[in-house]
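Participant: In the working numbering, the protein residues as written are 101 to 533. Just so you know, even glycine gets a beta-carbon here, dropped at the ideal spot from N, CA and C. These figures come from a predicted structure and were not determined experimentally.
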Ligand SMILES: Cc1ncc(COP(=O)(O)O)c(C=O)c1O
């Protein structure tokens, strides 16, 4: 059994195995996870018993907790919207519960066609096609067109779906410092000085889900053009929640039509699973459809997510969507202001993701446990999900978290942190992260 010190001081990254049998090389990690579970320091196995701005969860040890839920990415609060529920029920009655085919083999029908064209219309782009999840969309968007000799240059904090797709597709993946255009330019200049003709794809996101920040697209788009690089943007978190019309950071910066490839997800702001890809070039789109993997070889979206996504899109682009974004914006401003009042520092720019800086993982782990026991269900992120020493609480807001609830949540977090500091015995700075 690992010692208390190693439970707190060790990170998952240390257990990433490179050799040995499948079973033996994972034994130490398994023991470490068990020990964390036993001490209430493993937050990644909570099971929801009820869901919403307040929720009930069952921890791995079997104990149930009730509390304010700041873990959901339902940024517009649509997951339980009666219109979406009614659309899902009507879809079941008309089309059944499942479409047991992949998209190219008749998994798409008239409802998919309608959603694709409504999405393209919403984005003001020539076309869009659907994928089973946001992950599948991002993977398809990259792996469908990028080949081994191509160069991929990606923001270092790009989501795993983009990273895995890039490394699976290209032998020449470079990363640039998060949101650092100067660094990106130096990488692009080096790449172009070595090969003027190679295909180059720059990958970034509309809203980064760990830091809650966005690129400056007004400078990024021309920068990519100068180096004849195509720009791919994953808008999973900002589409629906950001921008005057809910079209995300690309709308805010006025570049929605200029980006070469957009990948998105319905799972944050559209109340259902599913994703999409929108390109500008017909050949690029055909490559994604033919070689994208998850598009071709995974079962297509069924009647319920299709109907729910269409209904959600109707809400997002209409008056109710605008009202929800406006309410969400007030909650975000309130939360950031109240966090500062309590001496908490937050990452990024105003967005539904309010990431509170903690620093050392042991502090985050103890505070997370204390918070849960005191009525706050909140995700903390630690290395290797975020960089060493940059553990944080990622608090996700919805329009349905009222101000009183948010104040309570922050008060719990502050007290949970204070207790955690005492538990660490003043050793916070030196605690391994
Ligand atoms: C940038 C990004 N792309 C894709 C995904 C995956 O989306 P989905 O959960 O719809 O598969 C996520 C998930 O959080 C994400 O953050």
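So, is residue 533 buried or exposed, given that buried needs 16 or more other C-beta atoms within 10 angstroms?
Facilitator: With a pLDDT of 45 at residue 533, under the threshold of 50, the modelled position of this residue cannot be trusted; read the value that follows with caution. Counting Cβ neighbours within 10 Å, residue 533 comes out buried, since at least 16 surround it.
Participant: Restricting to Cα atoms, I'd like to know which of 422, 462, 495 and 477 is closest to residue 448.
Facilitator: Here the closest residue by C-alpha is 495.
Participant: Is the Cβ-Cβ distance between residue 491 and residue 460 less than 8 Å?
Facilitator: In this structure, residue 491 lies near residue 460, with their beta-carbon atoms less than 8 Å apart.
Participant: Could you tell me whether any Cβ in chain C is nearer than 8 Å to the Cβ of residue 380?
Facilitator: No chain C appears in this structure, which consists of one protein chain only.
Participant: Do residue 215 and residue 410 have their CB atoms nearer than 8 Å?
Facilitator: Taking 8 Å as the cut-off, the Cβ atoms of residue 215 and residue 410 count as close.
Participant: Can you pull the DSSP bridge partners for residue 365?
Facilitator: 375
Participant: Which first and last residues belong to the beta strand (DSSP E) in which residue 397 is found?
Facilitator: For residue 397, there is no enclosing beta strand (DSSP E); the enclosing alpha helix (DSSP H) covers residues 394-397.
Participant: In the structure shown, what three-state DSSP assignment does residue 215 receive?
Facilitator: Three-state DSSP puts residue 215 in a helix.
Participant: Once you ignore the five residues that flank residue 173 on each side, which residues in its own chain have a CB closer than 6 Å to its CB?
Facilitator: 368 and 496
Participant: Please determine if the region 374-385 and the region 220-233 are in contact, where contact requires at least 3 C-beta pairs separated by less than 8 Å.
Facilitator: yes
Participant: To the nearest whole angstrom, what separates the beta carbons of residue 176 and residue 416, a pair I think is in contact under 8 Å?
Facilitator: 7 Å
Participant: Please indicate yes or no: does the CB of residue 402 lie closer than 7 Å to some heavy atom of ligand 3?
Facilitator: The ligand content of the structure shown is limited to ligand 1, which means ligand 3 is not among them.
Participant: Find out if the Cβ-Cβ distance for the pair residue 243, residue 334 is shorter than 8 Å.
Facilitator: Not in contact: residue 243 and residue 334 (Cβ atoms no closer than 8 Å).
Participant: Ends of the alpha helix (DSSP H) at residue 129?
Facilitator: 127-138
Participant: If we require 3 or more residues per run, which beta strand (DSSP E) segments fall completely within the region 413-499?
Facilitator: DSSP runs (the beta strand (DSSP E)) wholly in the region 413-499: 453-459, 479-481 and 491-496.
Participant: Exposed or buried, what is residue 205 when buried is set at 16 or more other beta-carbons lying within 10 Å of its beta-carbon?
Facilitator: So residue 205 ends up on the exposed side.
Participant: Report the partner residues of residue 74 according to the DSSP bridge assignment.
Facilitator: Lying before the first or after the last residue shown, residue 74 is absent from the chain, which here runs from 101 to 533.
Participant: Please go through the same chain and pick out, in chain order, the residues whose beta-carbon is closer than 6 Å to the beta-carbon of residue 479, but skip the five residues on each side of it.
Facilitator: 171 and 494
Participant: Closer than 7 Å to a non-hydrogen atom of ligand 1 - does that hold for the CB of residue 259?
Facilitator: yes
Participant: For residue 187, which residues from the same chain have a beta carbon less than 6 Å from its beta carbon, with the 5 sequence-adjacent residues on both sides left out?
Facilitator: Around residue 187: 407, 408 and 411.
Participant: What did DSSP end up calling residue 255 once you bin it into helix, strand or coil?
Facilitator: strand
Participant: Between residue 390 and residue 396, what straight-line distance do the alpha-carbon atoms span, to the nearest angstrom?
Facilitator: 7 Å
Participant: Is the closest heavy atom of ligand 1 to the C-beta of residue 233 under 7 Å?
Facilitator: yes
Participant: Taking the CB atoms as reference points, tell me whether residue 232 and residue 394 lie closer together than 8 Å.
Facilitator: yes
Participant: Looking only at DSSP bridge pairs, what is residue 231 linked to?
Facilitator: DSSP lists 375 as partners of residue 231.
Participant: Beta carbon of residue 281, beta carbon of residue 319: below 8 Å?
Facilitator: yes
Participant: State the start and end residues of the unbroken alpha helix (DSSP H) segment that holds residue 292.
Facilitator: 281-294
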